[in-house]
Amino acid sequence: MHPTLAKLVDTNFPAITRTKLHTLQVNMGYLCNQSCLHCHVNAGPTRKEIMAKETIDQVFNFIDQQAIKTLDLTGGAPEMNPCFQYVVIEARNRGVEVIDRCNLTILEEPGYEYLADFLASNKVQIVASLPCYSSDNVDAQRGKGVFEKSITALKKLNTLGYGETLELNLVYNPQGTQLPPDQSALEADYKDHLFEHFGIVFTRLFTITNMPIKRFGSWLISTSQFDEYMNVLKTAHHAVNLDQVMCKSTLSVDWAGYVYDCDFNQMLGLPAGQLKSKRHISECLGLDFESQAITVADHCYGCTAGSGSSCGGALKQ
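At position 112 of the sequence shown (counting the first as 1) the number is 112 in full-length UniProt numbering, and the numbers step up by one without a gap.
Here it is as C-alpha coordinates:
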(Lines of atoms letter the chains of each structure in order from A and count residues from 1; the text may use other names and numbers.)
(Lines give C-alpha, C1' and ligand atoms only; values in the text may rest on other atoms or scores of the structure.)
Protein backbone atom coordinates (compact mmCIF):
# COMPACT_ATOMS: atom_id res chain seq x y z
CA MET A 1 0.00 0.00 0.00
CA HIS A 2 1.30 3.44 -0.92
CA PRO A 3 1.78 5.80 2.08
CA THR A 4 0.05 9.18 1.79
CA LEU A 5 1.15 11.15 4.86
CA ALA A 6 4.19 12.71 3.17
CA LYS A 7 1.89 14.14 0.51
CA LEU A 8 -0.41 15.73 3.10
CA VAL A 9 1.63 17.22 5.96
CA ASP A 10 2.83 20.32 4.07
CA THR A 11 -0.44 22.22 4.26
CA ASN A 12 -2.03 25.65 4.23
CA PHE A 13 -5.29 24.39 5.74
CA PRO A 14 -6.62 26.99 8.22
CA ALA A 15 -5.89 26.56 11.94
CA ILE A 16 -8.89 25.35 13.96
CA THR A 17 -9.59 24.77 17.66
CA ARG A 18 -11.99 22.49 19.50
CA THR A 19 -15.17 23.80 21.10
CA LYS A 20 -16.83 21.66 23.78
CA LEU A 21 -16.08 17.94 23.65
CA HIS A 22 -19.28 15.86 23.64
CA THR A 23 -18.56 12.85 21.39
CA LEU A 24 -15.98 10.10 21.69
CA GLN A 25 -15.43 8.07 18.53
CA VAL A 26 -13.84 4.73 19.39
CA ASN A 27 -12.32 2.30 16.92
CA MET A 28 -13.10 -1.17 18.26
CA GLY A 29 -10.62 -2.81 15.90
CA TYR A 30 -9.74 -3.27 12.24
CA LEU A 31 -11.29 -6.73 11.91
CA CYS A 32 -14.10 -6.65 9.35
CA ASN A 33 -16.08 -9.11 7.28
CA GLN A 34 -15.55 -6.89 4.20
CA SER A 35 -12.70 -5.13 2.37
CA CYS A 36 -14.03 -1.97 0.69
CA LEU A 37 -12.12 0.15 -1.81
CA HIS A 38 -13.12 3.43 -0.15
CA CYS A 39 -12.17 2.24 3.36
CA HIS A 40 -9.83 4.76 4.99
CA VAL A 41 -9.03 2.24 7.75
CA ASN A 42 -7.83 -0.58 5.48
CA ALA A 43 -10.03 -2.96 7.50
CA GLY A 44 -10.61 -6.55 6.50
CA PRO A 45 -11.12 -10.19 7.52
CA THR A 46 -7.42 -10.81 8.22
CA ARG A 47 -6.78 -7.84 10.51
CA LYS A 48 -5.86 -8.81 14.09
CA GLU A 49 -6.06 -5.42 15.83
CA ILE A 50 -8.85 -5.52 18.43
CA MET A 51 -9.47 -3.22 21.42
CA ALA A 52 -8.91 -5.14 24.66
CA LYS A 53 -11.24 -5.13 27.69
CA GLU A 54 -8.65 -3.27 29.79
CA THR A 55 -8.51 -0.47 27.23
CA ILE A 56 -12.30 -0.37 27.01
CA ASP A 57 -12.53 0.19 30.76
CA GLN A 58 -10.01 3.02 30.46
CA VAL A 59 -12.21 4.52 27.76
CA PHE A 60 -15.15 4.46 30.17
CA ASN A 61 -13.04 6.18 32.83
CA PHE A 62 -12.51 8.97 30.30
CA ILE A 63 -16.21 9.05 29.40
CA ASP A 64 -17.11 9.44 33.09
CA GLN A 65 -14.47 12.08 33.76
CA GLN A 66 -15.23 14.16 30.65
CA ALA A 67 -19.04 13.74 30.82
CA ILE A 68 -19.17 12.44 27.25
CA LYS A 69 -22.70 12.44 25.81
CA THR A 70 -22.27 10.24 22.72
CA LEU A 71 -20.15 7.13 22.11
CA ASP A 72 -19.57 6.54 18.40
CA LEU A 73 -18.39 2.97 17.71
CA THR A 74 -16.49 2.26 14.54
CA GLY A 75 -14.05 -0.25 13.07
CA GLY A 76 -13.63 -2.42 10.99
CA ALA A 77 -16.88 -3.94 11.98
CA PRO A 78 -17.14 -2.83 15.63
CA GLU A 79 -19.60 -5.64 16.33
CA MET A 80 -16.81 -8.20 15.74
CA ASN A 81 -15.04 -7.09 18.91
CA PRO A 82 -15.89 -9.74 21.56
CA CYS A 83 -16.64 -6.94 24.05
CA PHE A 84 -19.14 -5.14 21.81
CA GLN A 85 -22.20 -6.04 23.89
CA TYR A 86 -20.37 -5.06 27.09
CA VAL A 87 -19.51 -1.65 25.61
CA VAL A 88 -23.07 -0.92 24.52
CA ILE A 89 -24.59 -1.96 27.86
CA GLU A 90 -22.05 0.00 29.92
CA ALA A 91 -22.65 3.11 27.84
CA ARG A 92 -26.44 2.87 27.94
CA ASN A 93 -26.37 2.28 31.70
CA ARG A 94 -24.61 5.66 31.95
CA GLY A 95 -27.23 7.37 29.81
CA VAL A 96 -24.70 7.80 26.98
CA GLU A 97 -26.09 7.69 23.42
CA VAL A 98 -24.48 4.96 21.32
CA ILE A 99 -23.89 5.04 17.56
CA ASP A 100 -22.99 1.82 15.78
CA ARG A 101 -21.31 2.32 12.40
CA CYS A 102 -22.59 -0.86 10.85
CA ASN A 103 -21.80 -2.30 7.42
CA LEU A 104 -25.18 -4.12 7.45
CA THR A 105 -23.81 -7.42 6.14
CA ILE A 106 -22.50 -8.25 9.62
CA LEU A 107 -26.15 -8.78 10.61
CA GLU A 108 -26.25 -11.69 8.16
CA GLU A 109 -23.03 -13.37 9.29
CA PRO A 110 -23.18 -16.68 11.21
CA GLY A 111 -22.79 -16.01 14.92
CA TYR A 112 -24.30 -12.54 14.74
CA GLU A 113 -27.95 -13.51 14.47
CA TYR A 114 -28.60 -11.84 17.87
CA LEU A 115 -27.22 -8.49 16.78
CA ALA A 116 -30.24 -6.70 15.29
CA ASP A 117 -32.44 -7.46 18.33
CA PHE A 118 -29.63 -6.45 20.68
CA LEU A 119 -29.15 -3.09 18.96
CA ALA A 120 -32.88 -2.39 18.98
CA SER A 121 -33.39 -3.35 22.63
CA ASN A 122 -30.62 -0.94 23.65
CA LYS A 123 -31.90 1.84 21.34
CA VAL A 124 -28.56 2.06 19.55
CA GLN A 125 -28.44 4.55 16.68
CA ILE A 126 -27.33 2.81 13.50
CA VAL A 127 -25.25 4.49 10.81
CA ALA A 128 -25.16 1.97 7.98
CA SER A 129 -23.02 2.03 4.87
CA LEU A 130 -24.96 1.72 1.61
CA PRO A 131 -22.91 3.59 -0.99
CA CYS A 132 -25.62 3.33 -3.65
CA TYR A 133 -29.13 1.96 -4.18
CA SER A 134 -27.89 0.11 -7.27
CA SER A 135 -26.74 -3.49 -6.75
CA ASP A 136 -24.04 -3.23 -9.43
CA ASN A 137 -22.47 -0.13 -7.89
CA VAL A 138 -22.56 -1.47 -4.33
CA ASP A 139 -21.08 -4.84 -5.27
CA ALA A 140 -18.36 -3.14 -7.35
CA GLN A 141 -17.29 -1.06 -4.36
CA ARG A 142 -17.81 -3.56 -1.54
CA GLY A 143 -17.86 -7.06 -3.01
CA LYS A 144 -20.18 -9.50 -4.79
CA GLY A 145 -23.45 -10.16 -2.99
CA VAL A 146 -23.08 -7.25 -0.55
CA PHE A 147 -26.10 -5.36 -1.87
CA GLU A 148 -28.47 -8.30 -1.47
CA LYS A 149 -27.26 -8.95 2.09
CA SER A 150 -27.58 -5.24 2.90
CA ILE A 151 -31.19 -5.15 1.71
CA THR A 152 -32.02 -8.22 3.79
CA ALA A 153 -30.42 -6.60 6.84
CA LEU A 154 -32.30 -3.33 6.31
CA LYS A 155 -35.61 -5.18 6.11
CA LYS A 156 -34.77 -6.95 9.37
CA LEU A 157 -33.98 -3.61 11.04
CA ASN A 158 -37.24 -2.13 9.76
CA THR A 159 -39.23 -4.91 11.44
CA LEU A 160 -37.62 -3.87 14.74
CA GLY A 161 -38.64 -0.21 14.37
CA TYR A 162 -35.49 1.15 12.79
CA GLY A 163 -36.26 3.94 10.34
CA GLU A 164 -39.40 4.87 12.30
CA THR A 165 -39.12 4.84 16.10
CA LEU A 166 -35.38 4.03 16.10
CA GLU A 167 -32.74 6.00 14.21
CA LEU A 168 -31.36 4.37 11.06
CA ASN A 169 -29.08 6.53 8.92
CA LEU A 170 -27.51 5.39 5.66
CA VAL A 171 -24.12 6.46 4.33
CA TYR A 172 -23.26 7.28 0.72
CA ASN A 173 -19.65 7.36 -0.52
CA PRO A 174 -18.78 8.35 -4.09
CA GLN A 175 -17.24 5.58 -6.18
CA GLY A 176 -14.26 7.57 -7.39
CA THR A 177 -12.78 11.06 -7.36
CA GLN A 178 -16.04 13.01 -7.43
CA LEU A 179 -17.43 14.95 -4.52
CA PRO A 180 -20.76 13.72 -3.14
CA PRO A 181 -23.88 15.20 -4.77
CA ASP A 182 -26.40 17.33 -2.87
CA GLN A 183 -27.33 15.36 0.24
CA SER A 184 -30.99 16.36 0.43
CA ALA A 185 -31.70 15.52 -3.21
CA LEU A 186 -29.87 12.21 -3.00
CA GLU A 187 -31.68 11.33 0.23
CA ALA A 188 -35.00 11.82 -1.54
CA ASP A 189 -33.85 9.53 -4.36
CA TYR A 190 -32.70 6.87 -1.89
CA LYS A 191 -35.98 6.99 0.03
CA ASP A 192 -38.10 6.76 -3.10
CA HIS A 193 -36.10 3.92 -4.63
CA LEU A 194 -35.63 1.80 -1.50
CA PHE A 195 -39.29 2.09 -0.52
CA GLU A 196 -40.66 1.51 -4.01
CA HIS A 197 -38.47 -1.53 -4.76
CA PHE A 198 -37.94 -3.06 -1.31
CA GLY A 199 -40.38 -1.42 1.12
CA ILE A 200 -37.42 -0.07 3.13
CA VAL A 201 -37.57 3.11 5.22
CA PHE A 202 -34.73 4.96 6.97
CA THR A 203 -34.19 8.17 8.89
CA ARG A 204 -31.55 10.18 7.04
CA LEU A 205 -28.85 9.82 4.38
CA PHE A 206 -25.28 10.98 5.12
CA THR A 207 -23.04 11.84 2.17
CA ILE A 208 -19.34 11.45 3.03
CA THR A 209 -16.37 12.51 0.92
CA ASN A 210 -13.71 9.88 0.24
CA MET A 211 -10.51 10.73 2.10
CA PRO A 212 -7.13 10.58 0.28
CA ILE A 213 -5.61 8.25 2.87
CA LYS A 214 -5.07 4.51 3.44
CA ARG A 215 -6.73 2.20 0.86
CA PHE A 216 -8.42 4.97 -1.17
CA GLY A 217 -5.35 7.20 -1.02
CA SER A 218 -3.16 4.33 -2.18
CA TRP A 219 -5.54 3.69 -5.08
CA LEU A 220 -5.29 7.36 -6.06
CA ILE A 221 -1.51 7.10 -6.16
CA SER A 222 -1.59 3.83 -8.11
CA THR A 223 -3.85 5.38 -10.73
CA SER A 224 -1.92 8.69 -10.84
CA GLN A 225 -4.95 10.63 -9.60
CA PHE A 226 -3.76 11.76 -6.17
CA ASP A 227 -2.74 15.31 -7.10
CA GLU A 228 -5.81 15.74 -9.27
CA TYR A 229 -8.10 14.68 -6.43
CA MET A 230 -6.38 17.00 -3.96
CA ASN A 231 -6.93 19.85 -6.42
CA VAL A 232 -10.64 18.96 -6.53
CA LEU A 233 -10.84 19.13 -2.73
CA LYS A 234 -8.90 22.38 -2.41
CA THR A 235 -10.76 24.12 -5.22
CA ALA A 236 -14.08 23.23 -3.59
CA HIS A 237 -13.02 24.39 -0.09
CA HIS A 238 -15.64 26.52 1.69
CA ALA A 239 -14.46 28.37 4.79
CA VAL A 240 -17.99 28.39 6.21
CA ASN A 241 -17.66 24.63 6.82
CA LEU A 242 -14.81 25.17 9.29
CA ASP A 243 -17.25 26.02 12.07
CA GLN A 244 -18.99 22.63 11.79
CA VAL A 245 -16.24 20.09 11.15
CA MET A 246 -16.64 17.08 13.43
CA CYS A 247 -13.25 17.41 15.14
CA LYS A 248 -14.47 20.56 16.91
CA SER A 249 -16.66 18.49 19.23
CA THR A 250 -15.28 14.96 18.82
CA LEU A 251 -12.20 13.08 19.94
CA SER A 252 -11.01 9.83 18.33
CA VAL A 253 -9.52 6.78 20.07
CA ASP A 254 -7.74 3.96 18.26
CA TRP A 255 -8.01 0.25 19.07
CA ALA A 256 -4.94 0.48 21.34
CA GLY A 257 -6.36 3.44 23.30
CA TYR A 258 -4.37 6.32 21.81
CA VAL A 259 -6.05 9.68 21.27
CA TYR A 260 -6.39 11.72 18.07
CA ASP A 261 -8.36 14.74 16.90
CA CYS A 262 -10.37 12.70 14.38
CA ASP A 263 -10.67 9.27 12.81
CA PHE A 264 -8.71 10.36 9.74
CA ASN A 265 -5.81 11.75 11.78
CA GLN A 266 -5.85 8.46 13.66
CA MET A 267 -5.27 6.55 10.43
CA LEU A 268 -2.36 8.84 9.59
CA GLY A 269 -0.84 8.59 13.08
CA LEU A 270 -1.14 12.34 13.69
CA PRO A 271 -1.47 12.98 17.46
CA ALA A 272 -4.03 15.42 18.85
CA GLY A 273 -2.82 18.99 18.52
CA GLN A 274 -3.13 19.63 22.23
CA LEU A 275 -1.01 16.59 23.10
CA LYS A 276 1.85 17.20 20.64
CA SER A 277 2.84 13.52 20.81
CA LYS A 278 1.11 10.14 20.92
CA ARG A 279 -0.78 9.86 24.23
CA HIS A 280 -2.90 7.06 25.71
CA ILE A 281 -6.43 7.83 26.87
CA SER A 282 -5.49 6.79 30.41
CA GLU A 283 -3.09 9.75 30.45
CA CYS A 284 -5.76 12.24 29.36
CA LEU A 285 -8.27 12.03 32.21
CA GLY A 286 -7.50 15.42 33.70
CA LEU A 287 -7.10 17.35 30.46
CA ASP A 288 -9.44 20.06 29.23
CA PHE A 289 -9.83 19.69 25.46
CA GLU A 290 -11.96 22.79 24.95
CA SER A 291 -10.34 25.64 22.96
CA GLN A 292 -7.29 23.49 22.18
CA ALA A 293 -5.58 23.34 18.77
CA ILE A 294 -6.51 20.58 16.33
CA THR A 295 -3.87 18.92 14.15
CA VAL A 296 -4.50 19.63 10.46
CA ALA A 297 -3.02 18.49 7.15
CA ASP A 298 -4.12 18.56 3.50
CA HIS A 299 -6.61 15.71 3.89
CA CYS A 300 -8.70 18.09 6.05
CA TYR A 301 -9.88 19.69 2.81
CA GLY A 302 -11.98 16.55 2.41
CA CYS A 303 -14.13 17.80 5.30
CA THR A 304 -14.59 21.33 3.96
CA ALA A 305 -14.96 20.73 0.22
CA GLY A 306 -18.34 21.35 -1.38
CA SER A 307 -21.16 20.92 1.12
CA GLY A 308 -18.67 19.68 3.69
CA SER A 309 -18.31 16.19 5.06
CA SER A 310 -18.35 14.61 8.49
CA CYS A 311 -19.33 11.33 10.09
CA GLY A 312 -22.79 12.93 10.28
CA GLY A 313 -22.87 13.73 6.57
CA ALA A 314 -22.86 17.08 4.79
CA LEU A 315 -22.25 20.17 6.92
CA LYS A 316 -24.56 22.50 5.01
CA GLN A 317 -27.80 21.80 3.15
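Quick reminder that beta carbons are idealized off the backbone N, C-alpha and C, glycines included.
| said: I'd like to know whether the C-beta atoms of Y258 and K276 end up nearer to each other than 7 Å. | reply: Within the sequence shown, the letter at position 258 stands for residue 258. Within the sequence shown, the letter at position 276 stands for residue 276. Against a cut-off of 7 Å, the Cβ pair of K276 and Y258 comes out as no contact.
| message | Once DSSP output is grouped into helix, strand and coil, what is the label at S224? | response | If you number the sequence shown from 1, residue 224 lands on position 224. Coil, per DSSP.
| Quick one: Cα of I200 to Cα of G312, how far? | For the purposes of this step, residue 200 is taken as residue 200 along the sequence shown, with counting starting at 1. For the purposes of this step, residue 312 is taken as residue 312 along the sequence shown, with counting starting at 1. Their backbone Cα atoms lie some 21 Å apart in a straight line.
| Inter-residue CB distance, M127 and N158 (contact presumed, cutoff 8 Å) | For the purposes of this step, residue 127 is taken as residue 127 along the sequence shown, with counting starting at 1. For the purposes of this step, residue 158 is taken as residue 158 along the sequence shown, with counting starting at 1. Going by the sequence as given, residue 127 is Val instead of Met. With a Cβ gap of about 16 Å, V127 and N158 do not count as contacting.
| said: DSSP has Q65 in a bridge; who is on the other side? | reply: For the purposes of this step, residue 65 is taken as the residue at position 65 of the sequence shown. Its beta-bridge partners do not exist; DSSP assigns none.
| task | Compute the distance between the beta-carbons of S249 and H22, then report whether it is under 7 Å. | result | The residue you call residue 249 lines up with position 249 of the sequence shown. The residue you call residue 22 lines up with position 22 of the sequence shown. Yes, Cβ-Cβ distance for S249 and H22 is below 7 Å.
| said: Considering only DSSP beta bridges, list what F198 is partnered with. | reply: Stepping through the sequence shown from its first residue, residue 198 is reached at position 198. Beta-bridge pairing links F198 to no other residue.
| task | Using 10 angstroms around the beta-carbon of E187, count the other beta-carbons present and answer buried if the total reaches 16, otherwise exposed. | result | Translated into positions along the sequence shown, residue 187 becomes position 187. Buried, since its Cβ has 16 or more Cβ neighbours within 10 Å.
| With a CB to CB cut of under 8 Å and the five nearest residues on each side skipped, what residues in its chain are close to P14? | Numbered from its first residue, the sequence shown carries residue 14 at position 14. These residues qualify, in order along the chain: A239, L242, V296.
| query | Where do the N-terminal and C-terminal ends of the beta strand (DSSP E) with A128 fall, by residue? | reply | Within the sequence shown, the letter at position 128 stands for residue 128. First-last of the beta strand (DSSP E) with A128: 125 to 129.
| Boundaries (first-last residue) of the beta strand (DSSP E) holding S277 | In the sequence shown, the residue the question calls residue 277 occupies position 277. Counting along the chain, S277 falls outside any beta strand (DSSP E), and DSSP gives it neither H nor E.
| task | Can you give me the Cβ contacts of I294 inside the same chain, cut-off strictly under 7 Å, excluding the 5 residues immediately before and after it? | result | Reading the sequence shown from its first residue, position 294 is the one you call residue 294. Around I294: I16, T17, R18, C247, D261, G273.
| Apart from the five residues on each side of it in sequence, which residues of its chain come closer than 8 Å, Cβ to Cβ, to D189? | Taking the sequence shown and counting its residues from 1, the one referred to as residue 189 is at position 189. Around D189: Y133.
| field | Three-state secondary structure assigned by DSSP to F206 | value | Looking up residue 206 in the sequence shown gives position 206. F206 falls in the strand class under three-state DSSP.
| request: Just mark Y172 as buried or exposed, buried being the case when its beta carbon has 16 or more other beta carbons within 10 Å. | output: Within the sequence shown, numbered from 1, the residue matching residue 172 stands at position 172. Burial is judged here by how many other beta carbons sit within 10 angstroms of a residue's own beta carbon; Y172 has at least 16 and is buried.
| S249 - containing alpha helix (DSSP H), residue span | As a working note, residue 249 is residue 249 in the sequence shown. S249 -> no alpha helix (DSSP H), and no H or E assigned at all.
| task | Decide if the segment 215 to 224 is in contact with the segment 147 to 163; the criterion is three or more beta carbon pairs, one per stretch, under 8 Å apart. | result | no
| Q266 lies in the alpha helix (DSSP H); which residues open and close that run? | Your numbering for residue 266 matches position 266 in the sequence shown. Taken as a continuous stretch (DSSP letters only), the alpha helix (DSSP H) holding Q266 covers 263 to 268.
| request: Take the Cβ of H2 as the centre, count every other Cβ of all protein chains shown within 10 Å, and call the residue buried at 16 or more, exposed below. | output: Start at 1 with the first residue of the sequence shown, and residue 2 comes out as number 2. Answer is exposed; the Cβ neighbour count stays below 16.
| request: Kindly indicate which three-state DSSP category N103 falls into: helix, strand or coil? | output: Residue numbering aside, residue 103 sits at position 103 when the sequence shown is read from its first letter. In the three-state scheme derived from DSSP, where H, G and I count as helix and E and B as strand, N103 is classed as coil.
| query | Whose C-beta lies closer than 6 Å to the C-beta of Q125 among residues of the same chain, with five residues either side of it excluded? | reply | For this step, residue 125 is matched to residue 125 along the sequence shown. Around Q125: I99, E167.
| said: Does N93 pass the burial test, meaning 16 or more other C-beta atoms within 10 Å, or should it be called exposed? | reply: Taking the first residue of the sequence shown as position 1, residue 93 is located at position 93. By the 10 Å Cβ count, N93 comes out exposed.
| field | Own chain partners of K20 with C-beta closer than 6 Å, once the 5 adjacent residues on each side are dropped | value | Walking along the sequence shown from the start, residue 20 turns up at place 20. Correct list, in chain order: E290.
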